[in-house]
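In UniProt numbering, the protein residues as written are 1 to 630.
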């Protein structure tokens with residue numbers, strides 16, 4: 001079937017489409033139907049089915065005779081280690097940890113926080129919770145104590161599973177002191193903690209509360225899989241909220257399994273025995289969906305990578321791993337690719353490796369600027385698939401479904417909506433606009449399986465954040481347009497749309513133009529307050545390694561480019577060269593924080609910021625062009 005046929009089949013019979021997709025999952029009790037509308041607009045999927053995530057991700061592959069296949073391949077260029085774990089080994093390790101958790105009183109519905117680096121044990125902890133019906137909440141390893149305490153108080157875990165430390169290229173990140181401080185700050189206290197002691201640092205355990213990973217499991221009876229209802233929460237994943245209070249995105253078990261299993265073949269063209277790598281972190285939604293659950297549900301081999309795109313040890317590390325493990329589909333963030341491109345603009349490192357098995361590169365997490373996409377297409381020689389989704393949705397809203405049909409690429413577009421997503425572009429009054437017109441991007445309810453049904457203990461906030469602005473729709477918070485062919489274009493977050501003298505302009509469109517300059521490695525555009533025009537755009541550009549032209553000349557070029565390609569209406573007159581941009585650890589540029597600095601407004605240091613010192617550099621750069629003077 002073609003994409004059009006598949007999408008039309010979903011539209012014609014959504015219940016039948018998803019019930020058919022549900023056949024790819026082993027159910028302890030088959031669901032009677034797909035969609036449950038009784039509590040609309042809080043829709044649920046497969047609610048009366050009984051199922052276990054861990055069985056579907058691990059045990060069933062062993063039962064099918066593929067226990068000796070590698071399930072998880074760990075690559076750590078920091079410790080210089082490579083380790084493979086088979087599906088049989090994974091089952092036994094997960095069952096042991098699950099049995100130990102159960103012996104200490106963790107039961108179905110209890111919450112467990114996981115605070116770990118990129119090691120296989122992080123996935124084992126997630127799967128062990130799923131095995132006994134506990135609800136896990138992974139917090140990015142090394143998160144500040146206060147932010148961890150906020151999450152402890154919100155989900156009230158019975159237990160916390162952590163590692164003694166995480167590893168960065170030039171330092172050890174001490175997890176245990178952060179964990180101890182978070183527990184001290186939190187009002188809710190976990191009953192116990194399990195600490196995986198790493199060779200690089202042995203943490204001091206609190207007597208009576210803390211247990212070592214191996215000692216905790218000694219002599220326990222392995223746990224069997226516990227079936228849970230289709231609407232039982234599989235996990236809670238916190239995403240930053242505009243109020244500074246994190247939002248706990250809930251993922252129901254049944255829809256999560258069906259959607260991810262369907263997506264692995266349809267979008268990524270991955271089946272049992274294939275090798276898949278998502279270069280992300282288990283602290284983010286990509287790590288949940290496509291490091292842990294998605295590849296294992298498909299019976300593929302997944303890679304857990306502890307390193308960076310550059311500096312561990314060089315900008316060729318991604319290509320080395322793809323070569324050595326014969327990766328078929330590779331998924332990373334545009335910011336990682338830009339970091340590599342900045343260090344290796346001519347693609348010399350790519351030429352050193354044989355990437356014969358690579359069929360496609362997938363990008364998500366932020367807008368993939370056309371210049372970076374073109375660079376990857378030129379040097380890799382495979383389809384570069386920009387696809388668009390969110391923590392809230394858990395899987396792609398729009399993509400090029402290469403397992404169904406490889407659609408023509410339109411650079412700047414994540415291609416077309418996936419089945420389950422009725423994507424609409426709305427004006428400020430909530431009315432659909434014509435193709436090509438700019439507006440707010442929304443999804444007609446109900447959202448498909450695998451997406452968030454609500455927020456943890458915050459139904460009112462869920463309704464207010466996502467459902468109230470456009471009744472009958474889920475508000476994505478993204479802005480853009482759809483063309484005549486139904487291709488989606490994400491140009492900015494709605495709060496990144498600036499109003500210049502009455503003209504609503506996309507900062508993303510300006511960034512596309514700046515990124516096309518041959519000396520520009522990456523860039524950002526923000527709207528700063530302007531007494532006359534309301535807002536004015538300011539550009540920040542980072543130069544490629546080896547760029548020889550004077551920064552002032554590059555700035556002049558950039559101003560001219562925007563004027564030529566977008567027009568005088570953009571009023572783009574100011575840009576500044578910086579060494580780096582402030583980002584979250586997942587690679588999103590902190591444009592809102594940059595605006596606050598420029599406008600002398602108070603701001604909360606984002607919990608997810610990669611390096612707070614960059615904000616001081618941004619302030620100095622803004623002061624050099626007349627802003628951030630207060």
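Don't be surprised by glycine CBs; every beta carbon is placed ideally from N, CA and C.
Taking a cut-off of 8 Å for Cβ pairs, the segment 570–580 and the segment 466–473 do not touch, as fewer than three such pairs fall below it. Rounded to whole angstroms, residue 336 and residue 363 show a C-alpha spacing of 10 Å. A straight-line Cα-Cα distance of about 10 Å links residue 307 and residue 281.
In the three-state DSSP reduction, residue 424 falls in the strand class (E or B). Closest option to residue 376, judged by alpha-carbon separation, among 417, 72, 58, 332: 332. Between residue 382 and the set 216, 85, 137, 406, the nearest pair of CA atoms involves 406. With contacts defined by Cβ atoms closer than 8 Å, residue 404 and residue 3 form a contacting pair. Residue 522 places its beta carbon 8 Å or farther from that of residue 275. In this structure residue 498 is in contact with residue 537, their Cβ atoms being roughly 6 Å apart against a cut-off of 8 Å. When C-beta atoms of the segment 77–84 are compared with those of the segment 43–61, fewer than three pairs fall below 8 Å, so the two segments do not count as touching. Burial state of residue 435 is exposed, judged by a 10 Å Cβ sphere holding fewer than 16 other Cβ atoms. According to DSSP, residue 118 shares a beta bridge with no other residue. When beta bridges are read from the DSSP output, residue 417 appears opposite 398. Beta-bridge annotation (DSSP): residue 466 is not paired with any residue. Here residue 393 is buried, its C-beta having at least 16 other C-beta atoms within 10 Å. The beta carbon of residue 379 lies closer than 6 Å to those of 347, 350 in the same chain, with the five residues before and after it left out.
The straight-line gap separating the alpha-carbon atoms of residue 24 and residue 262 is approximately 8 Å. Cβ contact annotation for residue 93 (same chain, cutoff 7 Å, sequence separation greater than five): 124, in chain order. By the CB criterion at 8 Å, residue 389 and residue 236 fall outside the cutoff. The continuous stretches of alpha helix (DSSP H) do not include residue 278, which lies in the beta strand (DSSP E) extending over residues 275–278. Beta-bridge analysis with DSSP links residue 27 to 51. Counting only runs of 3+ residues, the beta strand (DSSP E) found wholly inside the segment 133–186 occupies 135–138, 159–163, 165–168, 171–174, in chain order.
Listed as beta-bridge partners of residue 388 by DSSP are 398. Cβ neighbours of residue 109 within its own chain (closer than 7 Å, five residues either side excluded): 133, 135.
Under the Cβ criterion (8 Å, minimum of three pairs), the segment 45–52 counts as touching the segment 18–37.
By the neighbour-count definition (other C-beta atoms within 10 Å, threshold 16), residue 218 is an exposed residue. Going by C-alpha positions, residue 606 is about 42 Å away from residue 20.
Apart from sequence neighbours up to five positions away, the residues of its chain that approach residue 439 with a beta-carbon distance below 6 Å are 425, 426, 427, 433, ordered along the chain. The alpha helix (DSSP H) runs of length 4 or more contained entirely in the segment 491–554 are, from start to end of the chain, 507–515.
Short of 6 Å from the beta carbon of residue 385, and not among the five residues preceding or following it, lie these beta carbons of its own chain, in chain order: 360, 362, 400. As DSSP reads the structure, residue 233 sits in a beta bridge with 252.
For residue 100, the enclosing alpha helix (DSSP H) stretches over residues 87–103.
Rounded to whole angstroms, residue 338 and residue 229 show a C-alpha spacing of 43 Å.
Between residue 114 and residue 458, the alpha-carbon positions lie close to 21 Å from each other. Residue 296 places its beta carbon 8 Å or farther from that of residue 327. In this structure, the alpha-carbon of residue 208 lies about 8 Å from that of residue 192.
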